[in-house]
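Novice:
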Ligand code: AVJ
Ligand code: FE
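In UniProt numbering, the protein residues as written are 30 to 468.
#1: Using only CA atoms, which one of 320, 186, 301, 193 lies nearest to residue 252?
#2: When you compare only the Cα positions, how much space is there between residue 462 and residue 146?
#3: Can you name the start and end residues of the alpha helix (DSSP H) that residue 335 belongs to?
#4: Please determine whether the Cβ atom of residue 113 lies at a distance below 8 Å from any heavy atom of the ligand FE.
#5: Quick check: residue 453 and residue 313, are their CB atoms within less than 9 Å of each other?
#6: Let me confirm a value: residue 456 is counted as buried when at least 16 other C-beta atoms fall within 10 Å, else exposed. Which label applies?
#7: To the nearest angstrom, how far is it from the Cα of residue 161 to the Cα of residue 43?
#8: Which runs of the alpha helix (DSSP H), 4 residues or longer, sit entirely within the stretch 210-272?
#9: Based on Cα-Cα distance, which residue from 73, 38, 330, 74 lies nearest to residue 238?
#10: Find the nearest neighbour of residue 466 within the set 451, 153, 211, 450, judged by alpha-carbon distance.
#11: Cβ of residue 393 within 9 Å of Cβ of residue 373?
#12: Is residue 448 helix, strand or coil by DSSP?
#13: Which term fits residue 180, buried or exposed, when burial requires 16 or more other beta carbons within 10 angstroms of its beta carbon?
#14: Exposed or buried, which one is residue 449 when buried takes at least 16 other CB atoms within 10 Å?
#15: DSSP three-state call for residue 323: helix, strand or coil?
#16: Out of 125, 148, 116, point me to the one whose CA is closest to residue 40's CA.
#17: Can you list, in chain order, the residues of its chain with a C-beta nearer than 7 Å to that of residue 256? Leave out the 5 residues immediately preceding and following it.
#18: At which residues does the beta strand (DSSP E) containing residue 512 begin and terminate?
#19: So does the stretch 424-432 actually touch the stretch 106-117, counting three or more Cβ pairs closer than 8 Å?
#20: How big is the Cα-Cα spacing for residue 439 and residue 433?
#21: Does the pairing of the stretch 266-277 with the stretch 213-226 give three or more beta-carbon distances under 8 Å?
#22: Could you tell me which residues DSSP puts in a beta bridge with residue 294?
#23: With a CB to CB cut of under 7 Å and the five nearest residues on each side skipped, what residues in its chain are close to residue 242?
#24: What are the partner residues of residue 427, as DSSP defines its beta bridges?
#25: From the DSSP output, in three-state form, read off residue 132 for me.
#26: Which two residues bound the contiguous beta strand (DSSP E) that contains residue 398?
#27: Confirm, please, whether the CB-CB distance from residue 343 to residue 384 is below 9 Å.
#28: Which same chain residues end up closer than 7 Å to residue 470 when comparing Cβ atoms and leaving out the 5 residues on each side of it in sequence?
#29: Do the CB positions of residue 169 and residue 52 come within less than 9 Å of each other?
#30: Run through the UniProt domain "DinB-like" (46-176) for me and flag every whole alpha helix (DSSP H) of 4 or more residues, listed as ranges in chain order.
#31: Give the DSSP bridge partners of residue 279, in chain order.
#32: Less than 8 Å between C-beta atoms, sequence neighbours within five positions excluded: which residues of the same chain meet that for residue 403?
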């Protein structure tokens with residue numbers, strides 16, 4: 030980051046802010062006002078809440094905290110504070126109507142671009158390397174992913190379209206099922222990634238025993254074998270809490286799947302089609318992923334195992350930004366950025382594989398890990414406790430690697446996501462691991 034000049038940094042920040050806003054517009058201009066203000070699921074906010082919340086966080090962090098400006102509309106702040114109102118309550122709040130929400134976000138953005146042109150990008154922690162601007166670009170992209178989840182839950186005619194990902198290469202079927210990651214230490218987390226969020230810091234050494242990790246995420250075909258083998262009816266594969274939840278929620282297949290005339294169908298962004306056998310499975314809870322792994326005689330990887338497989342370069346001993354190296358994600362490396370509205374077939378993106386030969390770690394589907402969301406040794410909450418710190422503990426499981434709906438700016442080998450183990454509407458799948466047996 031030290032090598033990049035201030036003007037080039039300003040330009041890259043402006044590009045990221047613009048990209049986020051173009052995506053926000055695409056996700057909110059494709060439906061009418063009724064769809065923007067409706068609650069499509071009690072799990073989600075109305076789209077119009079996300080829209081104004083994006084503007085409100087940008088105003089708070091950039092115009093007020095960085096720029097020292099007065100609040101534009103202090104009376105609306107509580108409406109868009111995620112901690113004051115749970116998602117299920119948000120439709121009943123006096124939210125800004127769609128046109129006003131758009132105008133507010135637009136007004137904030139105009140002032141932010143003026144501020145960016147005049148700001149030094151060093152000399153204060155929030156300014157260094159443009160951190161606060163980068164955090165806000167990531168925040169908007171994270172809410173764009175949230176809005177895409179709302180679109181997936183929405184009933185009715187399709188509103189979104191995108192081309193399918195390229196087909197998997199010829200060698201996909203011949204890939205080894207699993208890869209050995211030898212025992213030894215690696216560097217987890219980061220001190221140098223300029224826009225890394227607090228939970229990714231600091232860098233620290235973790236020494237792991239040898240393990241084997243799936244080369245690709247678990248596919249729909251493999252998951253269907255678990256279903257066909259009675260996996261949902263056999264408490265042996267489930268933890269006690271998982272089994273209790275399986276029964277209470279009457280889970281029988283991934284969310285959005287339906288069995289009809291002897292085949293599995295899935296609904297995706299308003300279109301129903303047969304389940305694609307070679308695609309990574311999507312919309313399973315942590316409990317289902319954990320049960321599948323036990324049925325397969327395996328287990329979920331810890332997040333440290335995931336990160337070592339994704340970042341450790343055994344030739345140099347250092348950790349890379351991404352599985353393919355330190356360069357940014359290109360379309361040849363990973364399925365990111367909502368270029369496609371689905372994961373690519375298992376074995377895709379050979380140029381994105383890690384030094385150990387593990388594929389599709391970045392993009393396609395978020396991957397559930399065995400790990401609870403915990404702070405790294407030496408963690409310091411910054412710049413606000415409510416980003417990560419208030420969520421640490423046993424009730425959240427860590428997800429790694431991003432999915433097709435994650436923007437490159439919000440994705441790197443150190444990035445950590447988290448959610449409740451019951452959650453299925455998120456774009457999450459998994460891969461499995463096992464210990465190396467001493468022989
Ligand atoms: C990191 C995805 C769990 O959406 O709850 C957005 C990101 N934090 N606004 C979330 C976030 C504040 C967060 N996750
Ligand atoms: Fe937010």
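For each residue, glycine too, the CB sits at the ideal point set by N, CA and C.
Specialist: In brief:
#1: The residue you call residue 252 lines up with position 223 of the chain shown. Residue 252 has its Cα closest to that of 320, out of 320, 186, 301, 193.
#2: Position 433 of the chain shown, counted from the start, is the residue given in the question as residue 462. Position 117 of the chain shown, counted from the start, is the residue given in the question as residue 146. Residue 462 and residue 146 have their C-alpha atoms spaced approximately 48 Å apart.
#3: In the chain shown, the residue the question calls residue 335 occupies position 306. Per DSSP, residue 335 belongs to the alpha helix (DSSP H) from 332-340.
#4: Counting from 1 along the chain shown, the entry for residue 113 is found at position 84. Distances from the CB of residue 113 to the heavy atoms of the ligand FE are all 8 Å or more.
#5: In the chain shown, residue 453 corresponds to position 424, counting from 1. In the chain shown, residue 313 corresponds to position 284, counting from 1. The answer is yes: Cβ separation under 9 Å.
#6: Reading the chain shown from its first residue, position 427 is the one you call residue 456. Flag for residue 456 reads buried.
#7: Locating residue 161 in the chain shown gives position 132, counting from the first residue. Locating residue 43 in the chain shown gives position 14, counting from the first residue. Those two C-alpha atoms are separated by around 13 Å.
#8: Fully enclosed alpha helix (DSSP H) runs of no fewer than 4 residues occupy 249-257 of the stretch 210-272, in order along the chain.
#9: The residue you call residue 238 lines up with position 209 of the chain shown. Nearest C-alpha to residue 238: 330.
#10: Translated into positions along the chain shown, residue 466 becomes position 437. Answer by Cα proximity: 211.
#11: Taking the chain shown and counting its residues from 1, one reaches residue 393 at position 364. Taking the chain shown and counting its residues from 1, one reaches residue 373 at position 344. Result yes, Cβ atoms of residue 393 and residue 373 sit closer than 9 Å.
#12: Taking the chain shown and counting its residues from 1, one reaches residue 448 at position 419. Three-state result, residue 448: strand.
#13: One-based indexing of the chain shown puts residue 180 at position 151. Burial call: buried.
#14: On the chain shown, position 420 is the one that residue 449 refers to. Exposed: under 16 other Cβ atoms inside 10 Å.
#15: Residue 323 sits at position 294 when you count from the first residue of the chain shown. If DSSP states are grouped into helix, strand and coil, residue 323 belongs with the helices.
#16: Here the question's residue 40 lines up with position 11 in the chain shown. Closest by alpha carbon: 148.
#17: Against the chain shown, residue 256 aligns to sequence position 227. Around residue 256: 282.
#18: The question about residue 512 has no answer, for the chain in this structure spans 30 to 468.
#19: These segments do not touch.
#20: Counted from its first residue, the chain shown places residue 439 at position 410. Counted from its first residue, the chain shown places residue 433 at position 404. Taking the straight line joining both Cα atoms gives about 12 Å.
#21: Touching, no.
#22: Here the question's residue 294 lines up with position 265 in the chain shown. The partner list for residue 294 (beta bridge, DSSP) reads 287, 303.
#23: Along the chain shown, one-based indexing puts residue 242 at 213. Closer than 7 Å at the Cβ level, and outside the excluded window around residue 242, lie 207, 208, 210, 330, 334, 338, 387, 460, 462.
#24: Numbered from its first residue, the chain shown carries residue 427 at position 398. Looking at the DSSP assignment, residue 427 forms a beta bridge with 447.
#25: Residue numbering aside, residue 132 sits at position 103 when the chain shown is read from its first letter. DSSP places residue 132 in helix when its eight states are reduced to three.
#26: As a working mapping, residue 398 is identified with position 369 in the chain shown. Its beta strand (DSSP E) spans residues 395-402.
#27: Mapped onto the chain shown, residue 384 falls at position 355. Mapped onto the chain shown, residue 343 falls at position 314. A Cβ-Cβ contact shorter than 9 Å links residue 384 with residue 343.
#28: The question about residue 470 has no answer, for the chain in this structure spans 30 to 468.
#29: By one-based count along the chain shown, residue 169 stands at place 140. By one-based count along the chain shown, residue 52 stands at place 23. The beta carbons of residue 169 and residue 52 sit closer together than 9 Å.
#30: DSSP runs (the alpha helix (DSSP H)) wholly in the UniProt domain "DinB-like" (46-176): 62-66, 76-87, 127-147.
#31: Counting from one through the chain shown, the residue named residue 279 turns up at place 250. Note: residue 279 sits in no beta bridge, so no partner.
#32: Within the chain shown, residue 403 is the residue found at index 374, counting from 1. So the list reads 421, 422, once near-sequence residues are dropped.
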